[in-house]
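What follows is a short report on a single structure.
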RNA sequence: GGUGGGAUAUCCAAGUGGCUAAAGGAAGCAGACUGUAAAUCUGUCGGGUUUUACCCUUCAAGCGUUCGAAUCGCUUUCCCACCA
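Put into structure tokens, the structure is as follows:
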């Protein structure tokens, strides 16, 4: 058995739907699913310490192979005793394979391209050099040196980093690639995933479990083929990757479509999705884990997550807005985070206006705790068989938007 | 008292005859953000309307030169520097 120290046990399945609760057991502890994986791409959550992250009851975080490989280097992580010890996070961890960087470094902008907006306003330059059967070559965004990432190298690096859950190396194809390219890239990703499995088998000591990745873009037959491929191979879980379409609505449709094809006995991760309504939609379709930079990035930019059906009428407020200048109430009266328990919107507004780092830190604490509580609310609703009602309540805004 | 240098939109600051409602910053106002090259980026930023267009007011104040002035001349006011 390739993943002997890991297990995924479903504890409750929604009647009449695919939403389910489960416990994903890793050598560093249990993840109660559905759950959210917080992004510490470069070996750090931006603007929050691992101690504060722990205090929010978050259960799992991730780092990225590509970033850690370039800086400080996998061997330096080994010297520090591995990611868990180095970051002071003796809890479950996941590492992304670096496949996403084939996409994000190959195109000027990430969000715009994946959403099909084609608006390259960002200052980013391409640093992806070439994708071949062997792998992908990049120029380091740090010092311009050349680096190669192959399925073997990605698994070896992830082995050194030591996260519990690791991902096969894949190519995340952009929204604007043709069906033909998406199909060929998917097939190559499948060959890469087989090579990832082989490499994983060579060095597997039971401390890690490998996820396959379902590609195929927006095309149903490709998604089906890719899901079948992953199911037929000995991956512990599967991640849904690649382009999910050009709009939120299309993304929801594609998640619903793809999730029907995956092996539902395995844990299923949805890569890169983290909006509130998006998570409800994912869980409804049987997704167990999510990861996304959205909550933490939003926080640094002044966005405070809030319950959409209370007052605000949206998934977040922008604390920079002048309307909060004199608002001495907390962001969320019902939130038990350090930020909401102690500080007013007026104060956080001031911190942002004054460009004090603490503003982003406090909002990060709030947004992380918000996500942790959101996932707990979702789990409870599944266990109580109130999932569909709660789903409707939390996504009413999305329905409204769809109708208009 | 004398000589020289200044006065530009909320602030700082370009501009020295027409392409100027006026570069560039900052502040302000709003938006975006979804496997993080993002504590970032974008838009807006004198007033008004029937807002892809037009009208009004504006470069200290007044008068003048000119077809045309933030830009040239004179006068006044205020600020700065140096000399008495």
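In this note's numbering, the protein residues as written are 1 to 404. Heads up, the beta-carbon is just placed ideally off N, CA and C, and yes, glycines get one too. None of the values given here were measured: they were computed from a predicted structure.
Practice item. Look at the Cβ atom of residue 12, then the Cβ atom of residue 382, and state whether they are nearer than 7 Å. Key: yes
Point to revise | Segments of 3+ residues assigned as beta strand (DSSP E) that fall wholly inside the region 117 to 195 | key: 128 to 131, 136 to 139, 146 to 149, 165 to 167
Review point. Would the beta-carbon of residue 134 fall within 7 Å of that of residue 150?
Key: yes
Exercise for review: Please report the residue range of the beta strand (DSSP E) in which residue 9 lies.
Suggested key: 7 to 13
**Study point:** Residues sharing a beta bridge with residue 213, DSSP
**Key:** 239
Point to revise | Proximal residues to residue 117 (C-beta, below 6 Å), its chain only, five neighbours per side dropped | key: Confidence at residue 117 is low in this model, with a pLDDT of 49, below 50, so the placement of that residue should be treated as unreliable; the coordinate-derived value is given next. Answer for residue 117: no residue qualifies.
Practice item. Look at the Cβ atom of residue 62, then the Cβ atom of residue 267, and state whether they are nearer than 7 Å. Key: no
Review point. When you compare only the Cα positions, how much space is there between residue 344 and residue 328?
Key: 5 Å
Practice item. Would you kindly work out how many angstroms separate the C-alpha atoms of residue 191 and residue 183, rounded to a whole number? Key: 13 Å
Check your understanding: So, is residue 310 buried or exposed, given that buried needs 16 or more other C-beta atoms within 10 angstroms?
Key -> exposed
Exercise for review: In the DSSP assignment, find the unbroken alpha helix (DSSP H) run with residue 29 in it and report its ends.
Suggested key: It is not in any alpha helix (DSSP H) - residue 29 instead sits in the beta strand (DSSP E) that spans 29 to 33.
Check your understanding: Would the region 14 to 32 and the region 48 to 56 be scored as touching if the rule is three or more Cβ pairs under 8 Å?
Key -> no
Check your understanding: How many Å lie between residue 232 and residue 126 at the Cα?
Key -> 35 Å
Review point. The alpha helix (DSSP H) with residue 352 in it runs from where to where?
Key: 345 to 353
Practice item. Quick one: grab the DSSP three-state call for residue 287. Key: coil
Check your understanding: Out of curiosity, what's the CA-to-CA distance linking residue 269 and residue 240?
Key -> 6 Å
Practice item. Could you say if the region 299 to 306 and the region 34 to 44 meet the contact criterion of at least three C-beta pairs nearer than 8 Å? Key: no
Point to revise | Element boundaries [alpha helix (DSSP H), containing residue 228] | key: 220 to 231
Practice item. Below 8 Å CB to CB, which residues in the same chain sit around residue 161 once its five sequence neighbours on both sides are set aside? Key: 63, 65, 68, 74, 77, 82, 83, 95
**Study point:** Nearest candidate by alpha-carbon position, reference residue 371, set 60, 129, 187, 225
**Key:** 60
**Study point:** Backbone CA spacing between residue 319 and residue 358 [nearest angstrom]
**Key:** 13 Å
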